[in-house]
Amino acid sequence: MISKLLSTLVVAVFVLSACGTQPATTTPVPIATEALIETETVVEIQAETDECLTCHTDKQRLIDTAQPEEVAESESKGVG
Amino acid sequence: MAPLEPWEKVLVNNETFSQTTHGKQTCTDCHSGVQSPEKDVAHEGLIASPSSMPEQYCSECHAEQTETYPFALHSTQEGYWNAINARSTPEDHPALEEMFGNHCSSCHTTCGECHVSQPKNVGGGLFTGHVFEKTPPMTRSCTACHGSRVGNEFLGKNEGFPGDVHFREARMNCVKCHEGSDLHGSATDAASADSHRYAGTEDPKCVDCHPTTLPGGDENPMHQSHGDTLSCQVCHSISYTSCDSCHVAVSEKSGKPFFETQATYLTFLIGRNPNPTEDRPYLYVPVRHVPADPNSYDYYGENLLSNFNALPTWVYATPHNIQKNTPQNSACENCHGGKADLFLTSDKIKPEELEANLSVVVDAFPTSIELILSAPQMPTDHSTLTSDLCVSCHTSGIKNAPLTPANHATYKEDTCSGCHKLKK
């Protein structure tokens, strides 16, 4: 009984391992997939590194980096 | 209007801005600068206000506006120069140009200062996270600059006086009357550009929305009698702001320019229109005192306004506090009964400004109602004559025409038909 089970297992492993190697032999697919992934990555990086927007949409960062404005009392008198 | 915090002025709301047409550009497309996380590096070569160069940054999409705006009054400020030039001589212009650069030129307005941020002379700062507004927000744009007179009148901020009916009742904003095409200008060269706000066609014009007030348009005798002799504001505006004696200088303490006006007060005064035109034929208009003074610019040189009397200091005004019912339009007798407090009489003008205001001062009050009603009617055969020919016959007695009475000496030739109606 045990030897029967063992031989069945060996056959199943062999069959499954044979199936697993099949796609590797179709060469165009991985190349195309790889190229697509690369493009998406570049676009994402560009969007993430728009330094202008990164800073100017960050209220706290603008507060932290703002140059203190000179608050001079107006010397003008009357209605302008 | 409270000034914005420094961070608040430049905070971009990219959730909304990125959904707009302008938000499809990258920041550096318009503002230049450098992509860097370091603020100082990122701001190298920064163009904070790209629309100060509209031909470079706006014209590709807004060609029509870009072509005319450089000649529009908000851009040229010709209204100021029109008055300064008239009151001065060319040899004083260099000193006046320096004065202008320090005190007046900040009112020059770029596209962006109406459509994306508050004007810089009130501190600047983005309206709504860098989203461009087709209609400038009234209180953060229009009345931020035009506040002390127009804004206060229109919004009812002068204590004791209601705001303009167009705002109170209809919540109309500035651009309902002052359309974009008016504000962007229509001239495409300096020679045809407006030299001041009342140059060219009357636009906006009340009758565009109120056509029945034109002669023959309604049963209101006031409209029918006065349609082309009084500006609408003579009957429909209330007290408005006047100012006296503005002086400008540069502070020794801070090095910054400043001004000082000596008085601000509310008046309603009817004066003569110093320059009736085909578009503005009115004989009488409300007049407002402007803060011009012979010594306004003494800091920059002596006697720079050597032709000060060339222009009135009480000027044609179009107060923005229109009401259907006003104290003066409650009865004919208010004007036609010699109610002197409604008119700019010489006793209300400072003696030193009298000469400058001779063209606007009212020296004879409108004829009394009794006299108008008792005036002989014009014979029917006069229907083909034009009114300005009256004196030709009525001072010489041709064809036994009755002579003009002595009490008509101050009357204007072209107002005969105001009393002497044609017999029907």
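Note that the protein sequences, when read in sequence, are chains P and X. Counting from 1, position 70 in the first sequence corresponds to residue 93 in our numbering; the numbering is continuous, with no gaps. Counting from 1, position 193 in the second sequence corresponds to residue 303 in our numbering; the numbering is continuous, with no gaps. Yeah, the Cβ is synthetic: ideal placement off N, Cα and C, and Gly gets one too.
{"query": "Identify the contact partners of residue 366(X) in chain P, using a Cβ-Cβ distance below 8 Å as the criterion.", "result": "95 and 98"}
{"query": "In the DSSP assignment, the beta strand (DSSP E) including residue 125(X) goes from what residue to what residue?", "result": "First-last for residue 125(X): 124-127, but that is the alpha helix (DSSP H), not the beta strand (DSSP E)."}
{"query": "Candidates 141(X), 151(X) and 114(X): which alpha carbon is nearest residue 91(P)'s?", "result": "114(X)"}
{"query": "Could you give the DSSP three-state label for residue 368(X): helix, strand or coil?", "result": "strand"}
{"query": "Here's the rule: buried if 16 or more other CB atoms are within 10 angstroms of the residue's CB, otherwise exposed. What is residue 508(X)?", "result": "exposed"}
{"query": "Check residue 185(X) in the structure and name its three-state DSSP category.", "result": "helix"}
{"query": "Strictly below 7 Å CB to CB, what residues from chain P border residue 121(X)?", "result": "79, 82 and 85"}
{"query": "What residue does the alpha helix (DSSP H) around residue 284(X) start on, and which one ends it?", "result": "284-287"}
{"query": "Quick check on residue 149(X) - is its C-beta less than 8 Å from some C-beta in chain P?", "result": "yes"}
{"query": "If you drop the 5 nearest sequence neighbours on each side, which residues of the same chain put their C-beta closer than 8 Å to that of residue 66(P)?", "result": "Any reading at residue 66(P) needs caution, since the residue's pLDDT is 47, under 50, leaving its predicted position unreliable; the model's value is listed next. If we look at residue 66(P) and ignore the five residues flanking it on each side, it has no Cβ neighbours."}
{"query": "Within the chosen definition, does the stretch 116-123 of chain X reach the stretch 83-102 of chain P through at least 3 CB pairs nearer than 8 Å?", "result": "yes"}
{"query": "Terminal residues of the continuous alpha helix (DSSP H) containing residue 167(X)?", "result": "164-167"}
{"query": "Got a sec: is the Cβ-Cβ distance from residue 117(X) to anything in chain P below 8 Å?", "result": "yes"}
{"query": "Enumerate in chain order the residues of its own chain whose CB-to-CB distance from residue 247(X) is below 7 Å, with the five nearest sequence positions on each side excluded.", "result": "237"}
{"query": "Got a sec: which bits of the stretch 130-154 of chain X sit with their beta carbon under 8 Å from any beta carbon on chain P, in order along the chain?", "result": "136, 137, 138, 141, 143, 145, 146, 147, 149 and 152"}
{"query": "Closer than 7 Å: is that where the CB of residue 178(X) sits relative to any heavy atom of the ligand SAH?", "result": "Because no ligand of any kind appears in the structure shown, any question about the ligand SAH cannot be addressed here."}
{"query": "Counting only runs of 4+ residues fully inside the stretch 342-408 of chain X, write out the alpha helix (DSSP H) ranges in chain order.", "result": "342-346"}
{"query": "Is the shortest distance between the beta-carbon of residue 124(X) and the beta-carbons of chain C less than 8 Å?", "result": "Given the protein chain composition of this structure (P and X), no chain C is represented."}
{"query": "Measuring alpha carbon to alpha carbon, tell me which residue in 468(X), 347(X), 202(X) and 350(X) is nearest residue 414(X).", "result": "202(X)"}
{"query": "Determine the direct distance from the alpha carbon of residue 473(X) to that of residue 521(X), and round the result to whole angstroms.", "result": "11 Å"}
{"query": "Go through the stretch 261-301 of chain X residue by residue and report every complete run of the alpha helix (DSSP H) that reaches 4 residues or more, in order.", "result": "262-265, 275-278, 284-287 and 290-293"}
{"query": "Can you tell me which of 251(X), 204(X) and 195(X) puts its alpha carbon nearest to the alpha carbon of residue 221(X)?", "result": "251(X)"}
{"query": "Establish whether the CB of residue 44(P) and some CB of chain X are separated by less than 8 Å.", "result": "Because the pLDDT at residue 44(P) is just 43, under 50, the model does not fix this residue reliably, and the value given afterwards should be weighed accordingly. Cβ-Cβ to chain X under 8 Å: no for residue 44(P)."}
{"query": "What does residue 361(X) touch in chain P if you count any residue whose Cβ is under 8 Å from its own?", "result": "98"}
{"query": "Excluding the 5 residues preceding and the 5 following residue 422(X) in the sequence, name in chain order all residues of the same chain whose CB lies nearer than 7 Å to its CB.", "result": "384, 466, 467, 469 and 470"}
{"query": "Using 8 Å for Cβ pairs, my map puts residue 429(X) next to residue 396(X). What's the rounded Cβ distance?", "result": "6 Å"}
{"query": "Taking the beta carbon of residue 171(X) as the centre, do at least 16 other beta carbons fall within 10 Å, making it buried, or is it exposed?", "result": "exposed"}
{"query": "Please state the DSSP three-state secondary structure of residue 111(X).", "result": "coil"}
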